[in-house]
């Protein structure tokens, strides 16, 4: 398997612009997670899905952030409008089930810079 | 509030030494514990998981869990320069509504010098 795929790998945009990050989980994985990593706050869970349904979005920082999973092989995280404090590395991860022994596999991440 | 705390580091050890990484967690009902390694500019990758009290060994890595003390550690024996990375401790809280969710510590940066 190709692993979790994320695009773009790097994104530079100006404040106020809309940003869309994309993720393709590992085939057969029922859970998909979106994380954000910064030096100040570490790795934070933003939202996760089970079978395309959002389960917990309590980590989404503001209404400017939204996430969708229209099918089992694709998810998007959108920021509209973007702000400089949104600059971070955004990771998508997937796992086969949600058993406490299951491994989450991370994608390569998208490095977002908002000017 | 579920908190995962790691020794702040950075930790620097010579090649061949034992590196000891520590993690404490606040939620007593936490069930599963994981150590992820993250190289600079890369994504986290799982290196160890532990679910019951005691030690679990995998090659040069040993994870130790003490649920009574709410403490989990990772020992790296015969440390190599290739072990230089940030090590993230992660915890799953319980088997209830937050099943599958991981809470991460801030990470400890390890440098192994030749």
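Protein chains in written order, with our numbering: chain A, 1 to 115; chain B, 1001 to 1114. From the three backbone atoms N, C-alpha and C, an ideal C-beta is built for every residue, glycine too.
Candidates the options: closest to residue i by CA position
i                       : options                           : result
residue 1033 of chain B : B:1105, B:1051, B:1012 and B:1043 : B:1051
residue 1106 of chain B : A:39, A:72 and A:103              : A:39
residue 105 of chain A  : B:1025, B:1044 and B:1006         : B:1044
residue 1028 of chain B : B:1092, B:1111, B:1101 and B:1113 : B:1092
residue 113 of chain A  : A:3, A:5, A:17 and A:4            : A:17
residue 1036 of chain B : B:1112, B:1103, B:1009 and B:1113 : B:1103
residue 1068 of chain B : B:1054, B:1042, B:1012 and B:1059 : B:1054
residue 1025 of chain B : B:1066, B:1082, B:1046 and B:1059 : B:1066
residue 1022 of chain B : B:1004, B:1016 and B:1015         : B:1004
residue 86 of chain A   : A:6, A:9, A:15 and A:7            : A:15
residue 1008 of chain B : B:1016, B:1015, B:1020 and B:1014 : B:1020
residue 1081 of chain B : B:1113, B:1040 and B:1060         : B:1113
residue 90 of chain A   : A:26, A:97 and A:41               : A:41
residue 28 of chain A   : A:97, A:79, A:103 and A:47        : A:97
residue 33 of chain A   : A:84, A:115 and A:77              : A:77
residue 62 of chain A   : A:70, A:79 and A:48               : A:79
Sub-7 Å separation of residue i and residue j beta-carbons
i                       : j                       : result
residue 1006 of chain B : residue 1108 of chain B : yes
residue 95 of chain A   : residue 31 of chain A   : yes
residue 59 of chain A   : residue 43 of chain A   : no
residue 1086 of chain B : residue 1075 of chain B : no
residue 109 of chain A  : residue 4 of chain A    : no
residue 13 of chain A   : residue 66 of chain A   : no
residue 1110 of chain B : residue 1011 of chain B : yes
residue 1079 of chain B : residue 1017 of chain B : yes
For residue i, the three-state DSSP class (helix, strand or coil)
i                       : result
residue 1058 of chain B : strand
residue 81 of chain A   : coil
residue 1020 of chain B : strand
residue 1082 of chain B : helix
residue 56 of chain A   : strand
Partner residues on chain B for residue i, Cβ-Cβ distance less than 8 Å
i                     : result
residue 91 of chain A : 1043 and 1044
Chain-ordered neighbours of residue i on chain A, where CB pairs are closer than 7 Å
i                       : result
residue 1028 of chain B : The contacting residues do not exist; residue 1028 of chain B stays about 15 Å from chain A at best.
residue 1106 of chain B : 42
residue 1088 of chain B : 43
Neighbour list for residue i in chain A, Cβ cutoff strictly below 9 Å
i                       : result
residue 1016 of chain B : Those do not exist, as residue 1016 of chain B stays about 30 Å from chain A at its closest Cβ, beyond 9 Å.
residue 1101 of chain B : 33, 45, 48, 55, 56 and 98
Amino acids of chain A, ordered along the chain, whose beta-carbon sits closer than 8 Å to that of residue i
i                       : result
residue 1037 of chain B : By Cβ distance, chain A contributes nothing, its closest Cβ being about 11 Å from residue 1037 of chain B, past 8 Å.
7 Å Cβ cut-off: residues of chain B touching residue i
i                      : result
residue 103 of chain A : 1046
residue 109 of chain A : 1043
Where residue i meets chain B, residues with beta-carbon distance less than 9 Å
i                     : result
residue 65 of chain A : Going along chain B, no residue has its Cβ under 9 Å from residue 65 of chain A, so there is no contact; the nearest lies around 18 Å.
residue 74 of chain A : Here the premise fails: no neighbours, minimum Cβ distance about 19 Å.
Original post:
What residues in the region 41-59 of chain A bring their beta carbon closer than 9 Å to a beta carbon of chain B?
Top reply: Within the region 41-59 of chain A, contact with chain B at the beta-carbon level (separation under 9 Å) is assigned to 41, 42, 43, 44, 45, 48, 50, 55 and 56.
**OP:** With 8 Å as the limit, tell me which residues of the region 1041-1065 of chain B have their beta carbon closer than that to any beta carbon of chain A; keep them in chain order.
**Re:** Of all residues in the region 1041-1065 of chain B, 1042, 1043, 1044, 1045, 1046, 1049 and 1051 have a Cβ within less than 8 Å of some Cβ in chain A.
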